[in-house]
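Here the structure comes first, spelled out in structure tokens, and everything after it is commentary.
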């Protein structure tokens, strides 16, 4: 598993292809990728977590490729470590804690080193690359795993036997969050993945989820609960243009209603493009599209500017193939990503 430099688009396509094959062959449903509050996933190292840490979500995959950033974000030249084998992801939260992101990750790093792991890379939020670096990470969704884009820690380690571990820690106002990814190359047995539970987890999770409003925009709220993001599917953008269509757009009405009813919530509007053109120009274009949506929400719908920010990742996260016109239309989109835990 050597460290090498790979274009991000190639890494993303490889990840998408391998995981799609895994889902089709093993589960038949993309919705079965993660389970809430299930048993602990198989892991190479059994971490000792703080007493008040509660597992919120998990996902386990078998015989798949897991690209992990092994250096700071540098566009297409970002280095990755390609780990292959059985992959387990687990997300934990700690309520009512004052521990910082660094204080959360430091004892986990010590446990890795005590068990013979070599630290390959470690960084913090803006040093890592901020937003751009975070969206290279394959993490379980909000609200089970919350990432403050200005307050997170990342650590990548490898054992001489080949096991790999990647840890991310972050904070909300009164809660801490830990995400642990472990890859075991010698463990390629059958995978067991439970489907998502209906509704929310049990009462132990109420501090993270039950403050979401139940009034209005119910489809948007359900999707934010399920994956931490909502796709504004009815927006229209032409190839190469950042101009938002005239509308009106139902998705913007729903999002505006939700934000105005929950002034403590903040979302990041993330723009996406098709693959026509170079990566850098597409990233710039996708940011402009997200900014157009941000501007519309503020000026037309009266959403508070402090609740919105705009970013773009170009064509690095396609939903479908860009080989057809319909596929390109589907991939040109803006998503609202939950950036705070209500």
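Numbering (the UniProt record's numbering), first residue to last: 1 to 342.
From the three backbone atoms N, C-alpha and C, an ideal C-beta is built for every residue, glycine too.
All of these numbers come straight from a predicted model, not from anything done at the bench.
Classification of residue i by the beta-carbon crowding that lies within 10 angstroms, buried from 16 upward
i	result
residue 274	buried
residue 281	exposed
residue 143	buried
residue 289	buried
residue 47	buried
residue 221	buried
residue 306	exposed
residue 158	buried
residue 74	exposed
residue 85	buried
residue 300	exposed
residue 147	buried
residue 334	buried
Spatial distance of residue i from residue j (CA atoms)
i	j	result
residue 191	residue 262	Its pLDDT being 38, under 50, residue 191 is placed unreliably in this model, and the value from its coordinates should be taken loosely. Going from the Cα of residue 191 to the Cα of residue 262 covers about 39 Å.
residue 164	residue 170	21 Å
residue 244	residue 310	14 Å
residue 61	residue 87	5 Å
residue 249	residue 124	38 Å
residue 117	residue 167	13 Å
residue 114	residue 339	34 Å
residue 81	residue 184	14 Å
residue 256	residue 308	11 Å
residue 112	residue 182	11 Å
residue 83	residue 186	11 Å
residue 344	residue 276	Residue 344 is absent from the model: the chain starts at 1 and stops at 342.
residue 173	residue 247	36 Å
residue 108	residue 228	26 Å
residue 137	residue 162	20 Å
residue 223	residue 106	33 Å
residue 154	residue 45	18 Å
residue 110	residue 330	45 Å
residue 145	residue 55	10 Å
Contacting residues, own chain, Cβ-Cβ under 7 Å from residue i (five flanking each side not counted)
i	result
residue 140	34, 57, 59, 89, 91 and 179
residue 151	101, 125, 170 and 171
residue 327	320 and 321
residue 324	none
residue 121	70, 71 and 156
residue 296	244 and 252
Close beta carbons around residue i, own chain, < 8 Å, minus the five adjacent residues each side
i	result
residue 72	78, 123, 127, 128, 129 and 133
residue 149	125, 130, 131, 134, 268 and 339
Cutoff 6 Å; reference residue i; Cβ partners in own chain excluding five residues on either side
i	result
residue 251	232 and 234
residue 298	305
residue 176	94, 97, 99 and 104
residue 53	92 and 94
residue 312	271, 283, 286, 287 and 290
residue 314	273, 279, 282, 283 and 286
residue 119	157
residue 266	307, 339 and 340
Cβ-Cβ separation, residue j to residue i (assumed contact under 8 Å), whole Å
i	j	result
residue 336	residue 285	About 18 Å; that fails the 8 Å criterion.
residue 50	residue 94	6 Å
residue 67	residue 279	About 16 Å separates the two Cβ atoms, so there is no contact after all.
residue 230	residue 332	Residue 230 to residue 332, Cβ: 17 Å. No contact.
residue 260	residue 293	Their Cβ separation, rounded to whole angstroms, is 16 Å, which puts residue 260 and residue 293 out of contact at 8 Å.
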